[in-house]
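Engineer: The following block contains the structure, expressed as structure tokens.
Residue numbers (my numbering), protein chains in the order written: chain A, 9 to 304; chain B, 528 to 1037; chain C, 578 to 902.
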């Protein structure tokens, strides 16, 4: 280990570095090629969002990259100045943040119990939880809405938060249980030996070392709630004061489909925040978290 | 240590920037909306000064403008002056605000009403403009929720015990299903029955009835059956004449085809409902070839799809749609092209086709797809020609139907208001809608084409509603699919019809 | 507006605080119990919140659904297995079932393979965050926007007109003698076209999870192997792959379930026309368009049953993981 570290810290001569880079060359080429491939559909959309509809239906988006350009900011302008667009952005945020925060901790408790506590029926119960992943949300809408109507939760934000929590839990428990389960047993044993109780172990050891898993879970849950349309419409309604962005965006388009070109601009506007969340949380994808803890 | 939970709070600047940006945008357009309304209100006094005070007898409130909606002041003025000269049934219309107040029983009700519909974009704006006088006059807040998944949301909320007060219904067929489940409120006690009977042709009222009870009203209607063409280009082949019979139409198509270009453009793609333009073709043909009685039996499921009359209709349609020389791009293009874009090749230079069969609402798509073209000069229509002279004078219509799911005073007032000619005129004036209400003057339509269509809608001898909207959903969905299958493979007509029969046996059971 | 902000703060700060308090409370309660009962009681208290949520939102509706699948369309009459019989004999539904099998095989295969590839490759470069972000971006797109994106990709114009679809144009430029295809209309290509669009959307999901798991692989082990002269392929196959084993199983299971539940993208692109239908879309149609609750419920139950083999596989996988811990 020492030698490897030493080797890295010693200055390397140029030919050696070039050789090193060339060996890594194919790696970079492959990655960049994949990235370019992945970007093509989105780039097509991006370019189209700057073109007027009559041109979009006649020529491919790549023709816009050379004269004559037909660029226009019309689509973006229309979307951003749509009635209630700002309000629906705030609504979306108001829906997504609690609906992301609540399931994480609730699921973490259960995941820890499934991973590190022994009790009869544990495996079968866990499988049922995982099996619930397959339940289509559409099947649950009517029974739950009836329940909500009786409890006066229909059309309220807390009702929607609880629903998103419920729908997101199977995946969250599944993912976290896997991560918690792969933690080294010694880490926790040593803590127990030192006299820590499950509460301390959970909050001081398990959660901090599972930060990448928690971060990925947060990303996914946030995004699914952010982009959700049907569940919000059913439990919360689509009135402008509460409508989230997907509802407002889908209303840019007439029932017959006119103004679909606004969707191209709206897609990017709506995408901006989830991507920001993603890049923000990427910093938690750091390696070496475990190495330190085992030694400690 | 609660890691990861306060990630959002740790990036306050980015989020704050977003929130500020979009909050600013929303406040901008709120001002804009208010400013817009101020402009509308400013337009009002202008219109009233030109409003037909002399000669405007009857129910009109003296000196009040006819509509508070948008629409260029000049258009309002010209419509008003035109109206001054033309006789309308029952005289000029009153102020929508007054109509709204009357609908609410003369009280300022306050409260709110939830409305669920499929309209988005400009349709949503038009509906909101339509209800604005109602909100102002009665103090009732109208919460409109638009969704293209109307079926899903409406079904869930009705079953879940949380229905909206008013909702748009996808068609009379589904309206009947809701009514039979007892979910729709009988409007007999809500609407002014006498006024309705005076203002609407009987066939329109009947369409919104189930078991003799009035359960819906038509907010706006559309005409199906126009065949669109560019007068400048078609005249080369038609010598200024429009085909009067279906045989004439086929002859015209043949003439064009022989010159080397395909005569027809069609597009079937429409997302989840792809195939519906084909059903309009079939309906027009059945109505004119087999007659109104067979038409009725057809949508009621009393006559099989494989029966000679219906099969003949498919084959007649096949003469056009299944002939690769007749349709631009052949079957692949027809299936892949969105119905709204299908007309664009008509206006290209040189034109790739000359004729297109589509409903009255297609004009907006024409103008968006080829900016700068104008009605009458660049595009015009003739009605689907007769096939059997016995059945002349028929037309196919469609409309947006509204029903009441929850009985509240505000909902009653709103639905009563929406049926009045004053309210309907608002949307009509903005364009993109026709009204079945006889009191809505033809002159307020934004262009001559819409006027002609409105005339046809309210005066046709035999007006039949779009059959696929009358059928149960399972049947119409199967029909859409059958249309697509037929275009892709016309030779398999018999098996397609046999499958439709199977679905029919099942679908009408509920 | 301000009361909403207050509510949001209360929830975002208060709920976690309450949950932490709950845990402290149950730990304190459990301490008062005898040693014998403690490990029997504790897990259930930890599980209580989850079980409550799942019970209300998923278990109760599922049981209701199973019950409804034996009733008729408006849930009035008992019809036994009629609904199931219909589903397994009707051609449209059989095609949907076949399509779901195609989805499970090809969608899962592609997503997991590409996801793993990207996770492993990007782990080695400095700009990994950006590269993963590019692959992840499609997940941030709503399915409505995805429909628009892929409409541009698969668009078809007759050969006489310039092509507007990316795929047709690209193939037309590269492949000699290529005539444009209507990708969403030609069977059976269209199912694969939609699967392709979905792979584009979901690979980022697999990549992100696998990347997170990769971070848990001790760096010193990898470094040691490389220093000892192991080639990249060996490092991957001998070290990374086994260590990631359970995560790969989790990702695969989840992706299989996503394949079974595939709905949004099919609904938006073709609505199941031209033989592209999938059972989730059939369920949606039966339920909301045809209002046949019996059949819709039966389809849902079939979905629930399809998960059983997946669950059993997971059971084995976890037992193995337990054994090695």
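Just so you know, even glycine gets a beta-carbon here, dropped at the ideal spot from N, CA and C. The structure displayed is predicted, hence computed values, not measured ones.
When you compare only the Cα positions, how much space is there between residue 653 of chain C and residue 660 of chain C?
Structural biologist: Rounded to whole angstroms, residue 653 of chain C to residue 660 of chain C spans 14 Å at the Cα level.
Engineer: Between residue 229 of chain A and chain C, is there a C-beta pair that is closer than 8 Å?
Structural biologist: No, residue 229 of chain A lies away from the interface with chain C (no Cβ there is under 8 Å from its Cβ).
Engineer: Looking at the unbroken beta strand (DSSP E) that takes in residue 989 of chain B, where does it start and where does it end?
Structural biologist: Counting along the chain, the beta strand (DSSP E) containing residue 989 of chain B begins and ends at 989–992.
Engineer: Among B/825, B/983 and B/630, which has the Cα closest to the Cα of residue 1035 of chain B?
Structural biologist: Selected option, being the one with the closest Cα: B/825.
Engineer: For residue 898 of chain B, which residues in chain A fall below 7 Å Cβ to Cβ?
Structural biologist: Within chain A, the residues near residue 898 of chain B are 62.
Engineer: Straight-line CA distance for residue 777 of chain C to residue 671 of chain C?
Structural biologist: Going from the Cα of residue 777 of chain C to the Cα of residue 671 of chain C covers about 27 Å.
Engineer: If we cut at 8 Å on Cβ distances, does residue 863 of chain C have a partner in chain A?
Structural biologist: By this cut-off, residue 863 of chain C is not an interface position.
Engineer: Smallest Cα separation from residue 102 of chain A: which of A/55, A/78 and A/165?
Structural biologist: Answer by Cα proximity: A/165.
Engineer: Checking 8 Å against the spacing of the C-beta atoms, do residue 280 of chain A and residue 229 of chain A come in under that value?
Structural biologist: Taking 8 Å as the Cβ cut-off, residue 280 of chain A and residue 229 of chain A do not qualify as a contacting pair.
Engineer: For residue 838 of chain C, collect the residues of the same chain with a Cβ closer than 8 Å to its Cβ; drop the 5 residues on either side in sequence, then sort them by chain order.
Structural biologist: Same-chain partners within the cutoff: 857 and 880.
Engineer: Can you pull the DSSP bridge partners for residue 755 of chain B?
Structural biologist: Residue 755 of chain B pairs with B/883 and B/908.
Engineer: Report the option in C/617, C/869, C/765 and C/622 whose CA atom is closest to the CA atom of residue 601 of chain C.
Structural biologist: Closest by alpha carbon: C/622.
Engineer: Hey, how far is the Cα of residue 856 of chain B from the Cα of residue 794 of chain B?
Structural biologist: Cα-Cα distance, rounded: 10 Å.
Engineer: Rounding to the nearest angstrom, what Cα-Cα distance links residue 808 of chain B and residue 993 of chain B in this structure?
Structural biologist: Going from the Cα of residue 808 of chain B to the Cα of residue 993 of chain B covers about 10 Å.
Engineer: What residue does the beta strand (DSSP E) around residue 928 of chain B start on, and which one ends it?
Structural biologist: Residues 921–931.
Engineer: If I'm right that residue 884 of chain C touches residue 824 of chain C with Cβ under 8 Å, what's the distance once you round it to whole angstroms?
Structural biologist: Actually they do not touch by this definition, with Cβ atoms about 20 Å apart.
Engineer: Please determine, among C/855, C/790 and C/703, the residue with the shortest C-alpha to C-alpha distance to residue 32 of chain A.
Structural biologist: Measuring from the Cα of residue 32 of chain A, the nearest candidate turns out to be C/703.
Engineer: Any chance the region 237–252 of chain A sits against the region 92–109 of chain A, with 3 or more Cβ pairs inside 8 Å?
Structural biologist: Contact between the region 237–252 of chain A and the region 92–109 of chain A is present, because at least three Cβ pairs lie under 8 Å.
Engineer: With distances taken between CB atoms, is the gap from residue 68 of chain A to residue 740 of chain C smaller than 8 Å?
Structural biologist: For residue 68 of chain A and residue 740 of chain C, yes; Cβs fall inside 8 Å.
Engineer: What residue range does the beta strand (DSSP E) around residue 643 of chain B cover?
Structural biologist: Its beta strand (DSSP E) spans residues 639–644.
Engineer: Taking the alpha carbon of residue 191 of chain A as the reference point, which residue from A/174, A/170 and A/220 has its own alpha carbon closest?
Structural biologist: Per the Cα distances, A/220.
Engineer: Please identify the residue among A/59, A/125, A/91 and A/157 whose C-alpha is closest to the C-alpha of residue 196 of chain A.
Structural biologist: For residue 196 of chain A, the nearest C-alpha among the options comes from A/125.
Engineer: Can you pull the chain C neighbours of residue 862 of chain B, defined as C-beta to C-beta under 7 Å?
Structural biologist: Near residue 862 of chain B (Cβ distances below 7 Å), the residues of chain C are 759 and 762.
Engineer: Give the residues from the region 651–684 of chain B that approach chain C closer than 7 Å (Cβ to any Cβ), ordered along the chain.
Structural biologist: Flagged, chain order: 678, 679 and 682.
Engineer: Reducing DSSP to helix, strand and coil, say where residue 560 of chain B ends up.
Structural biologist: At residue 560 of chain B, the pLDDT of 36 sits below 50, so the modelled position is not reliable and the matter cannot be decided from this model.
Engineer: Between which two residues does the beta strand (DSSP E) carrying residue 668 of chain B extend?
Structural biologist: Its beta strand (DSSP E) spans residues 668–673.
Engineer: Note down the Cα distance separating residue 161 of chain A from residue 182 of chain A, rounded to an integer number of angstroms.
Structural biologist: Cα-Cα distance, rounded: 28 Å.
Engineer: Is the CB-CB distance between residue 114 of chain A and residue 177 of chain A below 8 Å?
Structural biologist: It is a contact, given that the beta carbons lie within the stated cut-off.
Engineer: By the 8 Å beta-carbon criterion, what residues does the region 765–777 of chain C contribute toward chain B?
Structural biologist: Those would be none; no residue qualifies.
Engineer: Check the DSSP bridge columns for residue 743 of chain B and list the partner residues they point to.
Structural biologist: In DSSP, residue 743 of chain B forms a bridge with B/930.
Engineer: Classify residue 868 of chain C as buried or exposed, calling it buried when 16 or more other Cβ atoms lie within 10 Å of its own Cβ.
Structural biologist: Buried.
Engineer: Closest to residue 1007 of chain B by CA distance: which of B/800, B/770 and B/677 is it?
Structural biologist: Minimum Cα distance to residue 1007 of chain B is reached at B/800.
Engineer: Any residues in the region 693–713 of chain C with a beta carbon nearer than 9 Å to a beta carbon of chain A? Which ones, in chain order?
Structural biologist: Under the 9 Å Cβ criterion, the region 693–713 of chain C contributes 694, 695, 698, 699, 700, 701, 702, 704, 705, 706, 707, 708, 709, 710, 711, 712 and 713.
Engineer: Check the Cβ of residue 895 of chain B against every Cβ in chain C and list those closer than 7 Å, keeping chain order.
Structural biologist: In chain order: nothing, as chain C lies at least about 16 Å away.
Engineer: Short check: CB of residue 664 of chain B to CB of residue 681 of chain B, under 8 Å?
Structural biologist: Result no, Cβ atoms of residue 664 of chain B and residue 681 of chain B do not sit closer than 8 Å.
Engineer: Determine the extent of the alpha helix (DSSP H) in which residue 723 of chain C is found, giving its start and end residues.
Structural biologist: Its alpha helix (DSSP H) spans residues 720–731.
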